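Enquirer: Got a structure for you, written out below as structure tokens; questions coming shortly.
2 protein chains.
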Amino acid sequence: MRSKPSIEAVAREAGVSIATVSRVLNGTKPVSAATRERVEAAVSALDYRVNPFGRSLSTGQSRILLMLMPDFANPYYAEIVRGAAAVSRQAGYTLLPADLEAWTGTADASLPTLLGSLSDGVINLVPMSDQAARREAANGKPWVNCSEFMPGSDVPYVSIDHRQAATDAVQYLINKGHRRIGFITSDERFLYARQRREGYDAALLRAGLAPAPELVCVTGDNSYAAGSQAAASLLAVVDPPSAVFAVSDTLAIGAIKCFSKAGRRVPHDVAVMGFDDVPIADIFEPGLTTVAQPMVELGAAAAEMLLALLDGQRPAPRILQHRLVLRESV
Amino acid sequence: MRSKPSIEAVAREAGVSIATVSRVLNGTKPVSAATRERVEAAVSALDYRVNPFGRSLSTGQSRILLMLMPDFANPYYAEIVRGAAAVSRQAGYTLLPADLEAWTGTADASLPTLLGSLSDGVINLVPMSDQAARREAANGKPWVNCSEFMPGSDVPYVSIDHRQAATDAVQYLINKGHRRIGFITSDERFLYARQRREGYDAALLRAGLAPAPELVCVTGDNSYAAGSQAAASLLAVVDPPSAVFAVSDTLAIGAIKCFSKAGRRVPHDVAVMGFDDVPIADIFEPGLTTVAQPMVELGAAAAEMLLALLDGQRPAPRILQHRLVLRESV
DNA sequence: CTGAAAGCGCTAACAT
DNA sequence: ATGTTAGCGCTTTCAG
């Protein structure tokens, strides 16, 4: 099999000009039924596929949307991708998720750069504290933030109200009678982490509970193992908490695992509240009480907003609703 | 801010020709220190990034590797991506994972087609039974199969020995004294599913156990919910199994959930064996006894083989080792 | 060591 | 309705 046929080969095969081939390929201009058929025959005879590089170089767009994600392994992100992919696709765009996990802390920023310039726009889920990183990643392209937005910036975003959600969660714990409430968080470079901490603090304050620094653990990531370690350290403080609020379900599940191994019954000895409501939250034993984020909707909204941006509009920020889902761990 | 600067703008700014700019960008040919500096200054002054479309159109390659995945949501695949991404990256390639889940059954095959022609090669994890789909996806590009290979084809692959692994798992159950062993599988379009079923059958046969069609459940997917439903149906047969072997950890965990809800203790009343050894397997209660696949290594090997292929070599198929990891569910 | 120029495959005026 | 042609941004001979 010889090398890939170009549009010219198709034109020759069909006995028409390349412009005509382009027209039937894209449906941009009317073409007589007869020629159309000849072209289509040639296309399939040659097994021709348009070369996206040629096309994009010419049109200036790729119809690819990039999604920058902090971590493929967290099921939370998989759901968001699903939502975003569906709306992108139906608008004729392809959503490309890229896991930046391997690239953080690396001097080599070529992935974001390459992909950034490959795409027509980007949906960002990773923390972008400094301006440099932000410009780097967006590369002048339209972009929107999802969950991680920049307060005060003019980049459109969609998120839940992390602060309020955390307050609601902790308030629920307080209403259940808890007074010593631990807090397990992942990485405070993330806005969600900072805002949920604020919500935690606010709920404590409102209830007249003294903040207890020894009860807050910053793990660095959202792995199960990190949750377990945090729980272990909470168990080690002099007056251990009777409840803990974790900023993700994975952390919460890791914590429960640790508590169980240590012989503490959940929720009897210690209550555990998660965040996200990923699929495993409903399956794990005990069922995890958690703050549900509308993950699919977040992804879908992000894609819609990006599409609007590409369309020249100025989409307004959106805050979606969270809700407490009560299961057995609290 | 004006539109993106091209290489020509850089050349003008630096007072050199575009060829020279290209040379310092790529280090292809020697350039005097003085001009190099001028060019570099121009590049950063203009915040220039090379346009990947122009470059790829010219070179005929993109340095992008595509990974075709059946389902982002299954943690199993996340681990494989991790392995493949690491080796791709260090070879100067970017790994792009694409979730085909949304596209299966769709007439629109544009995702695979677009991405296929965007990339220099593909790592395939989805079942490719028919030739058409296979050619479509590869689009004449080098490709390798990972886990899902095509027996008898000349496409390089890396996998474990699914059949043997399943036999080992079931044999272990048999050694534990089980005689009625259920089997929960996902989707028999997958080679892994067919081969693990063969292994299950073989182990039964060798032990002189009669095959019991009422004990095998084909769910269609690997969700927790599917595992639960399958378990429920197993509970409903006249002589329910004392052990069940599921082809994935997610299915196994779903099954355990169902058994627990039905008041059956695992492993006391019914033993459950999973497959994959994803992170949650170690955290779930009870800890899941499972067949561990070297997921990261599978991904890494797949990437290495693809790279070899791109290098003109003919990599030999590889079979990696599985191993039983014993926890509490059996 | 550097520049001029010929493409790479495609789209979109502009003709006809 | 169809063909001609000028780019899109880049790499790479080929000259010098």
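Protein chains in written order, with the UniProt record's numbering: chain A, 1 to 330; chain B, 1 to 330. We put the beta carbon where it would ideally sit given N, CA and C, even for glycine. The structure presented is a predicted model; accordingly, all values stated were derived computationally and were not measured.
Grouping DSSP H, G and I as helix and E and B as strand, with all else coil, what is glycine 274 of chain B?
Expert: It is a strand residue.
Enquirer: From this set, B/Gly312, B/Leu25 and B/Ala292, which residue's C-alpha is nearest alanine 169 of chain B's C-alpha?
Expert: It is B/Ala292 whose Cα lies nearest to the Cα of alanine 169 of chain B.
Enquirer: Roughly how many angstroms lie between the CA atoms of methionine 295 of chain B and glycine 27 of chain B, to the nearest whole one?
Expert: Roughly 37 Å separates the two Cα atoms.
Enquirer: Look at the Cβ atom of alanine 275 of chain B, then the Cβ atom of valine 247 of chain B, and state whether they are nearer than 8 Å.
Expert: Looking at the sequence provided, one finds phenylalanine at residue 275 of chain B rather than alanine. Yes, the Cβ-Cβ distance between phenylalanine 275 of chain B and valine 247 of chain B is below 8 Å.
Enquirer: Return the CA-CA distance between threonine 106 of chain A and leucine 125 of chain A, expressed in angstroms with no decimal places.
Expert: Note that threonine 106 of chain A scores 49 on pLDDT, short of 50, meaning its location in the model is unreliable; the coordinates nonetheless yield the value given after this. Their backbone Cα atoms lie some 18 Å apart in a straight line.
Enquirer: Among residues of its own chain, excluding the 5 on either side of arginine 23 of chain A, which ones have a beta-carbon nearer than 6 Å to its beta-carbon?
Expert: Hits under 6 Å: Lys29 and Val31.
Enquirer: Name the two residues that bound the continuous alpha helix (DSSP H) containing methionine 295 of chain B.
Expert: Element bounds for methionine 295 of chain B: 295 to 310.
Enquirer: Give the single residue among A/Leu173, A/Ser62, A/Ile18 and A/Ala11 whose Cα lies nearest to the Cα of valine 325 of chain A.
Expert: The option with the nearest alpha carbon to valine 325 of chain A is A/Leu173.
Enquirer: Taking just the CA atoms, how far does proline 97 of chain A sit from aspartate 130 of chain A?
Expert: Note that aspartate 130 of chain A scores a pLDDT of 49, beneath 50, so its modelled location is shaky; the value from the coordinates is reported in the next line. Aspartate 130 of chain A and proline 97 of chain A: Cα-Cα distance of roughly 22 Å.
Enquirer: Is it buried or exposed for serine 58 of chain B, if we count other Cβ within 10 angstroms and need 16 for buried?
Expert: Result: exposed.
Enquirer: Quick check on tyrosine 48 of chain A - is its C-beta less than 8 Å from some C-beta in chain B?
Expert: Not closer than 8 Å to any Cβ of chain B, the Cβ of tyrosine 48 of chain A fails to qualify, so no.
Enquirer: If we define contact as Cβ-Cβ less than 8 Å, is alanine 107 of chain B a contact residue for chain A?
Expert: Model confidence at alanine 107 of chain B stands at a pLDDT of 42, short of 50, so the residue's coordinates are unreliable and nothing is read from them.
Enquirer: When DSSP labels each residue in this structure, what does threonine 250 of chain A get in the three-state scheme?
Expert: Helix.
Enquirer: For aspartate 161 of chain A, decide whether its Cβ has a neighbour in chain B, counting only Cβ atoms nearer than 8 Å.
Expert: No, aspartate 161 of chain A lies away from the interface with chain B (no Cβ there is under 8 Å from its Cβ).
Enquirer: Just to make sure I have the definition right: I need the residues of chain A whose C-beta is within less than 7 Å of the C-beta of proline 279 of chain B. Which are they?
Expert: Per Cβ cutoff of 7 Å: Tyr224.
Enquirer: Measuring alpha carbon to alpha carbon, tell me which residue in B/Thr219, B/Gly220 and B/His162 is nearest alanine 202 of chain B.
Expert: Closest by alpha carbon: B/His162.
Enquirer: Please confirm whether glycine 116 of chain A and leucine 66 of chain A have their CB atoms less than 8 Å apart.
Expert: In this structure, leucine 66 of chain A lies closer than 8 Å to glycine 116 of chain A by Cβ.
Enquirer: If distances are taken between C-alpha atoms only, which option among A/Pro240, A/Gly287, A/Gln229 and A/Ile160 comes closest to leucine 215 of chain A?
Expert: Nearest of A/Pro240, A/Gly287, A/Gln229 and A/Ile160 to leucine 215 of chain A, Cα basis: A/Pro240.
Enquirer: Kindly indicate if chain A contains any beta-carbon less than 8 Å away from that of glutamate 285 of chain B.
Expert: So, interface residue.
Enquirer: Just confirm the distance between the C-beta atoms of valine 81 of chain A and glycine 227 of chain A, as a whole number of angstroms; I'd bet it's less than 8 Å.
Expert: At roughly 23 Å, the Cβ-Cβ gap does not stay under 8 Å, so valine 81 of chain A and glycine 227 of chain A are not in contact.
Enquirer: Would arginine 63 of chain B and glycine 92 of chain B qualify as a contact pair, given that the criterion is a beta-carbon distance under 8 Å?
Expert: Cβ atoms of arginine 63 of chain B and glycine 92 of chain B: closer than 8 Å.
Enquirer: Hey, out of B/Arg189, B/His322 and B/Arg194, whose CA is closest to methionine 128 of chain B's CA?
Expert: Closest option to methionine 128 of chain B, Cα to Cα, is B/Arg189.
Enquirer: List, in chain order, every chain A residue whose beta-carbon is nearer than 7 Å to that of serine 22 of chain B.
Expert: Under the 7 Å cutoff, chain A gives no residues; its nearest Cβ is about 16 Å from serine 22 of chain B.
Enquirer: Skipping 5 residues on each side, what residues in its chain have a beta carbon closer than 8 Å to that of alanine 210 of chain A?
Expert: Only Leu204 meet the Cβ criterion.
Enquirer: Give the secondary structure of residue 332 of chain A by DSSP, where H, G and I count as helix, E and B as strand, and everything else as coil.
Expert: Nothing can be reported for residue 332 of chain A, as the shown portion of chain A is limited to 1 through 330.
Enquirer: Please compile the residues from chain A whose C-beta is within a distance smaller than 9 Å of the C-beta of valine 296 of chain B.
Expert: Chain A residues near valine 296 of chain B: none, gap ~11 Å exceeds 9 Å.
Enquirer: Is the beta carbon of proline 142 of chain B closer than 8 Å to that of leucine 306 of chain B?
Expert: Going by C-beta atoms, leucine 306 of chain B is nearer than 8 Å to proline 142 of chain B.
Enquirer: Check the DSSP bridge columns for cysteine 258 of chain A and list the partner residues they point to.
Expert: Note: cysteine 258 of chain A sits in no beta bridge, so no partner.
Enquirer: How many Å lie between glycine 121 of chain A and valine 87 of chain A at the Cα?
Expert: When rounded, the distance between both Cα atoms is 14 Å.
Enquirer: Does any residue of chain A bring its CB to less than 8 Å from the CB of asparagine 51 of chain B?
Expert: So yes, asparagine 51 of chain B belongs to the interface.
Enquirer: Could you pull the DSSP bridge partners for alanine 34 of chain B from this structure?
Expert: None; alanine 34 of chain B has no bridge partner.
Enquirer: Can the beta-carbon of valine 158 of chain A be found less than 8 Å from the beta-carbon of leucine 310 of chain A?
Expert: Going by C-beta atoms, valine 158 of chain A is not nearer than 8 Å to leucine 310 of chain A.
Enquirer: Roughly how many angstroms separate the alpha carbons of alanine 316 of chain B and valine 50 of chain B, rounded to a whole number?
Expert: Looking at the two C-alpha atoms, the distance is approximately 37 Å.
Enquirer: Compute the Euclidean distance between the alpha carbons of aspartate 47 of chain B and leucine 25 of chain B, then round it to the nearest angstrom.
Expert: Rounded to whole angstroms, aspartate 47 of chain B to leucine 25 of chain B spans 13 Å at the Cα level.
Enquirer: May I ask which residues mark the beginning and end of the beta strand (DSSP E) holding arginine 323 of chain A?
Expert: That run of the beta strand (DSSP E) goes 323 to 325.
Enquirer: By the three-class DSSP mapping on this structure, what secondary structure does residue 346 of chain B have?
Expert: Residue 346 of chain B lies beyond the range of chain B shown here (1 to 330); nothing can be said about it.
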